[in-house]
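>
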Ligand SMILES: Cc1cc2nc3c(=O)[nH]c(=O)nc-3n(C[C@H](O)[C@H](O)[C@H](O)COP(=O)(O)OP(=O)(O)OC[C@H]3O[C@@H](n4cnc5c(N)ncnc54)[C@H](O)[C@@H]3O)c2cc1C
Ligand SMILES: Cc1cc2nc3c(=O)[nH]c(=O)nc-3n(C[C@H](O)[C@H](O)[C@H](O)COP(=O)(O)O)c2cc1C
Ligand code: FES
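And the structure:
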């Protein structure tokens, strides 16, 4: 029988990663977590929201989040030994990467890809952000490709330009994993199609239950929390709501 | 040939399994998915006059057989709903429109606003246990209020009306009779139970943000069976048994107690979107084993002799 309630855990540490980006660490109690899956994070008496896992270690997990509104502000202000609840893991994650998988993250989307970036060839990770101060994991993945929209770090421009170059240059790319703004992901899908590479993307929609009951996270005919959040590109191509519409 | 085809309020159903309101029923896309997974009919998430944000998360969780929720009737309101449900034909099975209100006039206003949507029936829940202003918390489940609201709704629509009751009612058979007398065409028995509460013992806080929530899932099946059994003897209009149905065995049992229709909500959580196909197949397997050819041979048999 299933048990899906938040398991309360003490915060081990909160670290600042970049401007408005923090990582909260708690004990790893997740059974068989696959990167790309997500958890529901509960702050008692505040709210409960979905997040990916950015550090997947034997004893602890890290959740990297961007401060946006009420929930993430509150989380950023919490201290070691404060209690949060974790429910999950939920959804379908990425397939197993091999070393010739390319992993591309834009903005906060990098966080749920980080455990995969640890597994692929170092130069096969592409990380982008608007600006240097918002760039994630500059030190964690020193040999990755970095892009910033304003050119303050790495290459000036978009992650998709590096992907084009890499796919045009070398043949040995098995597949592409991607997480970021939908406009970026739909561009990645186009590029992969042109180069005939398999592509998997991770989608975000407003979530409540996280386990396929409330219907809140629908994107066209897809139940994102349950049939995703990771989809192979062919399963979202032609979806009228992908890159067009999201319920709040 | 064994058949589980069902004729319910003029709807020709491929099977008696009906998606319960509030589970996946928020869009045409989500209900089409449920229809494609074998439901005989679907019910939309309840719609109110104004938009409602509902309660904060956590709005639902489970402890084994116990499923708890306090969604708080979040819905986009009748104006948006009219757009969302404009092409319900696409769903491919009959669709029941669920309408809520804080007073009789509100139910009527929503029904009028949605009159061009091709619903096959209207369901009126008077029984939610965790939303202030609605259902049990607003006294809508008393015999008097049930009569008054049903009467008002009866005047507002020609569609079949289903009144959804709460197992909590101390005078359940009287409430069911009041609905029948006021013109209801069927009873849905019933909504979630409780409300209940669970507290996280490390933080000392109730888990649901609204603190209390309705209970559904396999844990409530015996209460639903008893309630269906009780009201079957006191009314003539058909009953949808809703509450805990998860397997073909539960479905057959509910029919033996007197249900003609079978509501399935939380069963999706326990067995997936295709719980409808699974239950239908389990019903047919059992009927085959017992030599039954149609559901008529099963409905209400627990009352015989
Ligand atoms: C599968 C999945 C994985 C995610 N992983 C991460 C992650 O690793 N790091 C991270 O920073 N963020 C992640 N998010 C987004 C994160 O849930 C929101 O940033 C967070 O809920 C914002 O809450 P808030 O109260 O601070 O902001 P608000 O002001 O309430 O909202 C800001 C924006 O966040 C989004 N949002 C708010 N609530 C939800 C919700 N319940 N479900 C989905 N989106 C919501 C909406 O787009 C909203 O416009 C993920 C979302 C999903 C669906
Ligand atoms: C998450 C959730 C949301 C619900 N929302 C509604 C609703 O909007 N309107 C309604 O009449 N019933 C609602 N219900 C009650 C169900 O329709 C059903 O009556 C109840 O859950 C018992 O059946 P089950 O055990 O098959 O789920 C909701 C139940 C759940 C679990
Ligand atoms: S979040 Fe509830 S169905 Fe996906």
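Residue numbers (our numbering), protein chains in the order written: chain E, 1 to 248; chain U, 1001 to 1305.
Beta carbons: idealized from backbone N, C-alpha and C, even for Gly.
All values reported here derive from a predicted model rather than from experimental measurement.
#1: Do residue 53 of chain E and residue 61 of chain E have their beta-carbon atoms positioned less than 7 Å apart in this structure?
#2: Three or more C-beta pairs under 8 Å: does that hold for the region 4-24 of chain E against the region 180-188 of chain E?
#3: Which runs of the beta strand (DSSP E) spanning at least 3 residues fall entirely within the region 79-124 of chain E, listed in chain order?
#4: Between the C-alpha atoms of residue 1193 of chain U and residue 1208 of chain U, what's the straight-line distance to the nearest angstrom?
#5: For residue 1149 of chain U versus residue 1185 of chain U, is the C-beta spacing smaller than 7 Å?
#6: Considering only heavy atoms of ligand 1, does any lie closer than 6 Å to the CB of residue 22 of chain E?
#7: Under 9 Å between beta-carbons, which chain E residues line up against residue 1269 of chain U? List them in chain order, please.
#8: Just curious, the beta strand (DSSP E) that residue 1164 of chain U is in, first and last residue?
#9: So residue 160 of chain E is in the alpha helix (DSSP H); what residue range does that whole segment cover?
#10: Quick one: list the residues of chain E neighbouring residue 1059 of chain U, beta-carbon separation under 9 Å, in chain order.
#11: Let me confirm a value: residue 1301 of chain U is counted as buried when at least 16 other C-beta atoms fall within 10 Å, else exposed. Which label applies?
#12: Any heavy atom of ligand 1 inside 6 Å of the beta-carbon of residue 1256 of chain U?
#13: Can you give me the C-alpha to C-alpha distance between residue 138 of chain E and residue 217 of chain E, rounded to a whole angstrom?
#14: Under the rule that 16 or more other beta-carbon atoms within 10 Å means buried, what is residue 96 of chain E, buried or exposed?
#15: Who are the near neighbours of residue 59 of chain E in its chain, counting only those whose CB is closer than 8 Å to its CB and skipping five residues on each side?
#16: With a threshold of 7 Å between beta-carbons, can residue 44 of chain E be considered close to chain U, or not?
#17: Looking only at DSSP bridge pairs, what is residue 179 of chain E linked to?
#18: Does DSSP put residue 1091 of chain U in a helix, in a strand, or in coil?
#19: Does DSSP put residue 1214 of chain U in a helix, in a strand, or in coil?
#20: Given a threshold of 16 other Cβ atoms within 10 Å of its Cβ, counted over all protein chains shown, does residue 169 of chain E qualify as buried or as exposed?
#21: Residue 1205 of chain U touches chain E at which residues, Cβ-Cβ below 8 Å?
#22: Rounded to whole angstroms, how far is the Cβ of residue 192 of chain E from the Cβ of residue 205 of chain E, which I believe are closer than 8 Å?
#23: Expressed to the nearest angstrom, what Euclidean distance is found between the alpha-carbon atoms of residue 1269 of chain U and residue 1019 of chain U?
#24: Does residue 79 of chain E pass the burial test, meaning 16 or more other C-beta atoms within 10 Å, or should it be called exposed?
#25: For residue 1003 of chain U, count neighbouring Cβ atoms within 10 angstroms of its own Cβ and tell me buried if that reaches 16, exposed if not.
#26: Just to confirm, does residue 1054 of chain U get its C-beta within under 6 Å of one of the non-hydrogen atoms of ligand 2?
#27: In or out: residue 1053 of chain U buried (at least 16 other Cβ within 10 Å) or exposed?
#28: Taking Cβ-Cβ distances below 9 Å as the criterion, which residues of the region 1216-1245 of chain U are in contact with chain E?
#29: Please work out which residues of its chain come closer than 6 Å, Cβ to Cβ, to residue 229 of chain E, disregarding the five sequence neighbours upstream and downstream, and give them in chain order.
#30: Is the CB of residue 1105 of chain U under 7 Å away from at least one CB in chain E?
#31: Would you please state the rounded distance, in angstroms, between the beta carbons of residue 1189 of chain U and residue 1242 of chain U? I believe it to be under 8 Å.
Taking the definition as stated:
#1: The residue given as residue 61 of chain E occupies position 61 in the first chain. The residue given as residue 53 of chain E occupies position 53 in the first chain. Result yes, Cβ atoms of residue 61 of chain E and residue 53 of chain E sit closer than 7 Å.
#2: no
#3: 83-90, 101-106
#4: Stepping through the second chain from its first residue, residue 1193 of chain U is reached at position 193. Stepping through the second chain from its first residue, residue 1208 of chain U is reached at position 208. Near 15 Å, if we compare the C-alpha coordinates of residue 1208 of chain U and residue 1193 of chain U.
#5: For the purposes of this step, residue 1149 of chain U is taken as residue 149 along the second chain, with counting starting at 1. For the purposes of this step, residue 1185 of chain U is taken as residue 185 along the second chain, with counting starting at 1. No, the Cβ-Cβ distance between residue 1149 of chain U and residue 1185 of chain U is not below 7 Å.
#6: Here residue 22 of chain E corresponds to residue number 22 of the first chain, with the count starting at 1. Residue 22 of chain E Cβ: outside cutoff for every heavy atom of ligand 1.
#7: Along the second chain, read from residue 1 onward, the residue named residue 1269 of chain U stands at position 269. Those within 9 Å of residue 1269 of chain U in chain E are 2, 4, 209, 211, 212, 213.
#8: As a working mapping, residue 1164 of chain U is identified with position 164 in the second chain. Residues 1161-1165.
#9: As a first step, residue 160 of chain E must be located in the first chain, where it is residue number 160. It spans 159-169 - the alpha helix (DSSP H) in which residue 160 of chain E sits, taken as one unbroken run.
#10: Working through the second chain from its first residue, we reach residue 1059 of chain U at position 59. Within 9 Å Cβ-Cβ: 48, 208, 209, 214.
#11: As a working mapping, residue 1301 of chain U is identified with position 301 in the second chain. Flag for residue 1301 of chain U reads exposed.
#12: Counted from its first residue, the second chain places residue 1256 of chain U at position 256. Not so, every heavy atom of ligand 1 lies at least 6 Å from the Cβ.
#13: Along the first chain, one-based indexing puts residue 138 of chain E at 138. Along the first chain, one-based indexing puts residue 217 of chain E at 217. Taking the straight line joining both Cα atoms gives about 32 Å.
#14: On the first chain, position 96 is the one that residue 96 of chain E refers to. Residue 96 of chain E comes out exposed.
#15: As a first step, residue 59 of chain E must be located in the first chain, where it is residue number 59. Contacts found: 27, 28.
#16: Residue mapping note: residue 44 of chain E aligns to position 44 of the first chain, counting from 1. By this cut-off, residue 44 of chain E is an interface position.
#17: Mapped onto the first chain, residue 179 of chain E falls at position 179. Bridge partners of residue 179 of chain E: E:105, E:202.
#18: Your numbering for residue 1091 of chain U matches position 91 in the second chain. Helix at residue 1091 of chain U.
#19: Numbered from 1 along the second chain, position 214 holds the residue referred to as residue 1214 of chain U. Residue 1214 of chain U: strand per DSSP, three-state reduction.
#20: Taking the first residue of the first chain as 1, we reach residue 169 of chain E at position 169. The residue is exposed, with fewer than 16 neighbouring Cβ atoms inside 10 Å.
#21: On the second chain, position 205 is the one that residue 1205 of chain U refers to. Correct list: 44, 45.
#22: On the first chain, position 192 is the one that residue 192 of chain E refers to. On the first chain, position 205 is the one that residue 205 of chain E refers to. Not confirmed; about 22 Å, so no contact.
#23: Position 269 of the second chain, counted from the start, is the residue given in the question as residue 1269 of chain U. Position 19 of the second chain, counted from the start, is the residue given in the question as residue 1019 of chain U. Computed Cα separation, rounded: 12 Å.
#24: As a position in the first chain, residue 79 of chain E is number 79, starting the count at 1. Classification of residue 79 of chain E: exposed, given that the 10 Å Cβ count is below 16.
#25: Translated into the one-based positions of the second chain, residue 1003 of chain U becomes position 3. Residue 1003 of chain U comes out exposed.
#26: Looking up residue 1054 of chain U in the second chain gives position 54. Flag unset: Cβ of residue 1054 of chain U not near ligand 2.
#27: Position 53 of the second chain, counted from the start, is the residue given in the question as residue 1053 of chain U. So residue 1053 of chain U ends up on the exposed side.
#28: 1218
#29: The sequence position of residue 229 of chain E within the first chain is 229, counting from 1. Here the set comprises 91, 202, 203.
#30: For the purposes of this step, residue 1105 of chain U is taken as residue 105 along the second chain, with counting starting at 1. No, no contact with chain E.
#31: For the purposes of this step, residue 1189 of chain U is identified with residue 189 of the second chain, where counting begins at 1. For the purposes of this step, residue 1242 of chain U is identified with residue 242 of the second chain, where counting begins at 1. 7 Å between Cβ atoms; contact.
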